[in-house]
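First the structure, in the form of structure tokens, and then the observations on it.
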């Protein structure tokens, strides 16, 4: 998943915990093998080869479910959460430390837009050649939820799944106390801006601090607006608590993409959240304290 991952389980024996954690880890690796854009043998790479030619492909039930969820996110975000926008990474190479050419960005915009696809399950068609899909904003969180569900089905009642900061809790700790989940400060590396006390649910975050460049004192993060091709500039970080990690993750990203309207959108959705803007202001229902949140 391209990030540090951790599973903590309470079980009767170490052997039992190992057996169950292996089930979860195997499934996480399965999903990475299917949907990684970095593997030429992945299903996603096969889909993108079809997309490059402007063809069509029939997908399996699991992939259809992810595509249906992506369509819902596209609609809920007014077109801002768009799994066709990953192609912008061709222009935005953060490791180079410089801004892309605006002409290149504008050229890529012509190949972005979920509405340009034809999705009639289970058939996915690409009328515009040269497009790409990227499940990066969905699959890791989906993997968290699946791993937690597998552990629960195997009898685990207390544990935590953490895939690169996307977290799902399996009940409280074994002693009944809540888990303490730290929310990273977007401008102070290694510091926590808040700590949440949670007995269940999921936490996911999005921000401009994981991959970014600073040019002439201005920070450009990796959360890119698919309509402009440029990074968002209002919110520095958003964390959301929900029943499912995939929902919390997509909601935090949508809030980032909605910029000034993000906090109001989260309020309207009824999702517990915390936001930090680029000026250091902090808000949201989870910003007030570290009290037991759920």
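In my numbering, the protein residues as written are 6 to 299. All C-beta atoms, glycine included, are put in the ideal place defined by N, C-alpha and C.
Distance between beta carbons of residue j and residue i, contact taken as under 8 Å
i: residue 219; j: residue 246; result: Not quite, the Cβ-Cβ distance comes to about 30 Å (not below 8 Å), so this is no contact.
i: residue 243; j: residue 206; result: Actually they do not touch by this definition, with Cβ atoms about 16 Å apart.
i: residue 127; j: residue 64; result: 5 Å
i: residue 144; j: residue 229; result: Contact flag wrong, Cβ pair sits at about 18 Å.
i: residue 184; j: residue 203; result: 5 Å
i: residue 25; j: residue 161; result: 6 Å
i: residue 262; j: residue 86; result: 6 Å
i: residue 241; j: residue 214; result: 7 Å
i: residue 74; j: residue 251; result: 7 Å
Residue interval of the alpha helix (DSSP H) (run including residue i)
i: residue 206; result: Note, residue 206: premise wrong, no alpha helix (DSSP H); beta strand (DSSP E) at 206-212.
i: residue 225; result: No alpha helix (DSSP H) holds residue 225; the beta strand (DSSP E) holding it covers 223-226.
i: residue 54; result: 48-58
i: residue 77; result: 66-81
i: residue 111; result: 107-114
Cross-strand partners of residue i (DSSP beta bridge)
i: residue 278; result: 245
i: residue 166; result: 12 and 173
i: residue 161; result: Per DSSP, none; premise fails for residue 161.
i: residue 136; result: Per DSSP, none; premise fails for residue 136.
i: residue 218; result: 225
i: residue 91; result: Looking at the DSSP assignment, residue 91 forms no beta bridge with any residue, so it has no partner.
i: residue 288; result: 280
i: residue 124; result: 129
i: residue 240; result: 282
C-beta contact flag for residue i and residue j at 8 Å
i: residue 29; j: residue 156; result: yes
i: residue 60; j: residue 140; result: no
i: residue 138; j: residue 234; result: no
i: residue 197; j: residue 212; result: no
i: residue 152; j: residue 172; result: no
Span of the beta strand (DSSP E) around residue i
i: residue 185; result: 184-189
i: residue 128; result: 128-130
i: residue 261; result: Not the beta strand (DSSP E): residue 261 falls in the alpha helix (DSSP H), residues 250-262.
i: residue 25; result: Note, residue 25: premise wrong, no beta strand (DSSP E); alpha helix (DSSP H) at 19-40.
i: residue 61; result: 61-63
i: residue 104; result: No beta strand (DSSP E) holds residue 104; DSSP gives it neither H nor E.
i: residue 85; result: First-last for residue 85: undefined, no H or E at that position.
i: residue 200; result: 197-203
Outcome for residue i when other beta-carbon atoms lying within 10 angstroms are tallied against a minimum of 16
i: residue 120; result: exposed
i: residue 43; result: exposed
i: residue 296; result: Annotation note: pLDDT 44 at residue 296 (below 50); position unreliable, coordinate value reported separately. Answer is exposed; the Cβ neighbour count stays below 16.
i: residue 82; result: buried
i: residue 7; result: exposed
i: residue 53; result: buried
i: residue 265; result: exposed
i: residue 258; result: buried
i: residue 298; result: Here residue 298 scores only 44 on pLDDT, less than 50, and its place in the model should not be relied on; the value that follows carries that caveat. That one is buried.
Beta carbon proximity, residue i to chain D, threshold 8 Å
i: residue 147; result: Any reference to chain D falls outside this structure, which holds one protein chain only.
Any non-hydrogen atom of the ligand ADP within 7 Å of residue i CB
i: residue 292; result: The ligand ADP is absent from the structure shown, which contains no ligand whatsoever.
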